[in-house]
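Encoded as structure tokens, the structure appears first; notes follow it.
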Amino acid sequence: MAEDEERRVHRIQPKHLKAAVHYTVGGLCQEVAEDKEVQFSKQAIAAISEITYRQCETFAKDLEMFARHGKRSTINVDDVKLLSRRSRSLHAHISAYGEEIASNNQEQKEKKKKKKKKSVGAGKGKLPSDGDSAVPDSEDQDME
Numbered sequence: 001m002a003e004d005e006e007r008r009v010h011r012i013q014p015k016h017l018k019a020a021v022h023y024t025v026g027g028l029c030q031e032v033a034e035d036k037e038v039q040f041s042k043q044a045i046a047a048i049s050e051i052t053y054r055q056c057e058t059f060a061k062d063l064e065m066f067a068r069h070g071k072r073s074t075i076n077v078d079d080v081k082l083l084s085r086r087s088r089s090l091h092a093h094i095s096a097y098g099e100e101i102a103s104n105n106q107e108q109k110e111k112k113k114k115k116k117k118k119s120v121g122a123g124k125g126k127l128p129s130d131g132d133s134a135v136p137d138s139e140d141q142d143m144e
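Under the UniProt record's numbering, read the sequence shown as residues 1 to 144, first letter to last.
Have a look at this one:
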């Protein structure tokens, strides 16, 4: 029963994805039409949507294969760079974006290290003074 449900979900999902691609392409075509003062027929929008969807399927399969070849289950930025290698401008854009992401990740790691050092450093070297007790007051009463 669970397998049937899973299969049904997988059959529905591509329909939703295709609809989302068609909607997005329609919106982009409308923007271009207004900007360039041209018109797109419904058939042209449908054809662009279908080509876009099929290209995305191909990209997804290629990315999966690149990760698998690298003995990984996760697709990473290097896989995307490899996918974009045929388009110089796209490859340059993705490479720059990947470097920006790596830089941001490095900055976040450094901030976490600094916070960790500050919190560890604040607790070090502090010893209870004469008036302070190492045991909380509630535990003092139990000892009496």
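For glycine and all other residues, C-beta sits at the position ideal for the given N, C-alpha and C.
It should be emphasised that the depicted structure is a prediction, and the values quoted were computed from it without experimental measurement.
Cβ pair residue i, residue j closer than 9 Å
| i | j | result |
| --- | --- | --- |
| Ala-46 | His-16 | no |
| Cys-29 | Ala-19 | no |
7 Å CB neighbourhood of residue i in its chain, flanking five on each side removed
| i | result |
| --- | --- |
| Phe-59 | Leu-83 |
| Ala-33 | Gln-39, Phe-40 |
Continuous alpha helix (DSSP H) stretch holding residue i: start and end
| i | result |
| --- | --- |
| Ser-49 | 42-69 |
| Val-77 | 77-83 |
Same chain, Cβ closer than 8 Å to residue i, five either side skipped, listed in chain order
| i | result |
| --- | --- |
| Pro-14 | none |
Distance, residue j Cα to residue i Cα
| i | j | result |
| --- | --- | --- |
| Tyr-53 | Asp-62 | 14 Å |
| Gly-26 | Gln-55 | 17 Å |
| Ile-101 | Leu-90 | 16 Å |
| Lys-42 | Asp-35 | 18 Å |
| Lys-109 | Ile-75 | 21 Å |
Where residue i sits in the DSSP three-state scheme
| i | result |
| --- | --- |
| Ile-101 | helix |
| Gln-39 | coil |
| Ser-87 | coil |
Residues of its chain near residue i, where Cβ-Cβ distance is below 6 Å and the 5 sequence neighbours each way are ignored
| i | result |
| --- | --- |
| Phe-66 | Asp-79, Leu-82 |
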